[in-house]
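Written below as structure tokens is the structure these notes are about.
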Amino acid sequence: EPEVTQTPSHQVTQMGQEVILRCVPISNHLYFYWYRQILGQKVEFLVSFYNNEISEKSEIFDDQFSVERPDGSNFTLKIRSTKLEDSAMYFCASSDRETQYFGPGTRLLVL
Amino acid sequence: GEDVEQSLFLSVREGDSSVINCTYTDSSSTYLYWYKQEPGAGLQLLTYIFSNMDMKQDQRLTVLLNKKDKHLSLRIADTQTGDSAIYFCAETIRGRRALTFGSGTRLQVQP
């Protein structure tokens, strides 16, 4: 069964450093998403991406964040200058229509 | 804005039925979803219901939607220890693809 994959599973970084989180969506899906879950809090929507551009973003998705589909299979989330409060589990998802399928997540720890 | 609320914890005995409840505020919900999260894992889509439906059954899972009261429930028949997990309800609203999640209900199944 096709699934969304994410790398790395864990990432530790120093405050102020750039991180890139990677995702491989399900191959025939056209919509891609990033969500995050800060420990003990709700899963929060960050951004959606369709047809090589951002289709929707939340207030959390400020200028520190960017997304890219550098080739036909990968979808990345870049955090330019990480802050302590960026520590969270980051989930990638993809969908063809109304159902979003999630990857296993990348746990990001900013020290 | 939209808000989704769930009770935090439910404990049942193996073999009993579990009912997990969710309320939402936005009357323009289009789809409502149930996701399952096991420890250290991603979000697994269990089932979803279109907002003009009242009920959907899928094997041991029954989803009931009361649109007037903005109340969604997930019933798991014959609950097993493997059903122990956190269950999230989520919604999308008209014109948007972003999922808004509840805080999750931790289901504990006692042998």
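From first to last, the protein sequence lines are chains D and G. The opening residue of the first sequence carries number 1 in the working numbering; numbering runs sequentially from there. The opening residue of the second sequence carries number 112 in the working numbering; numbering runs sequentially from there. For each residue, glycine too, the CB sits at the ideal point set by N, CA and C.
Cβ-Cβ distances below 7 angstroms link residue 30(D) to 50 and 96 in the same chain, with the five nearest sequence neighbours on each side left out; the list follows chain order.
At a cut-off of 3 residues, the continuous stretches assigned as beta strand (DSSP E) that sit fully inside the segment 121-203 of chain G are 129-135, 140-148, 154-161, 166-169, 172-177 and 182-187. Annotated as distal: residue 204(G) and residue 116(G), with beta-carbon spacing of 8 angstroms or more. Between residue 164(G) and residue 173(G), the C-beta spacing is not below 8 angstroms. Here the segment 92-108 of chain D makes no contact with the segment 118-137 of chain G; the two share fewer than three CB pairs at distances below 8 angstroms. Taking a C-beta distance under 8 angstroms as the contact criterion, residue 186(G) and residue 128(G) qualify as a contact pair. Proximity of chain G to residue 56(D) at the Cβ level (cut-off 7 angstroms) is accounted for by 207, 208 and 209, in chain order. Per DSSP, reduced to three states, the secondary structure at residue 84(D) is helical. In this structure residue 62(D) is exposed. Its beta-carbon is surrounded by fewer than 16 other beta-carbon atoms within 10 angstroms. Bounds of the beta strand (DSSP E) holding residue 116(G) are 115-117.
Residue pairing by DSSP puts residue 10(D) in a beta bridge opposite 107(D).
Proximity to residue 46(D) across 40(D), 39(D) and 55(D) peaks at 55(D), based on C-alpha coordinates.
In this chain, the beta strand (DSSP E) harbouring residue 221(G) covers 216-221. Listed by position along chain G, the residues whose Cβ is nearer than 7 angstroms to that of residue 99(D) are 156 and 159. Rounded to the nearest whole angstrom, the CA to CA distance from residue 16(D) to residue 195(G) is 39 angstroms. Taking C-beta atoms as the reference points, residue 118(G) and residue 143(G) fail to come closer than 8 angstroms. Excluding its 5 nearest sequence neighbours in each direction, residue 66(D) has C-beta neighbours in its own chain below 6 angstroms: 78, listed in chain order.
Residue environment: residue 25(D) is assigned as buried (16 or more neighbouring CB atoms within 10 Å of its CB, all protein chains considered). Per the DSSP secondary-structure output, residue 77(D) pairs in a beta bridge with 21(D) and 67(D).
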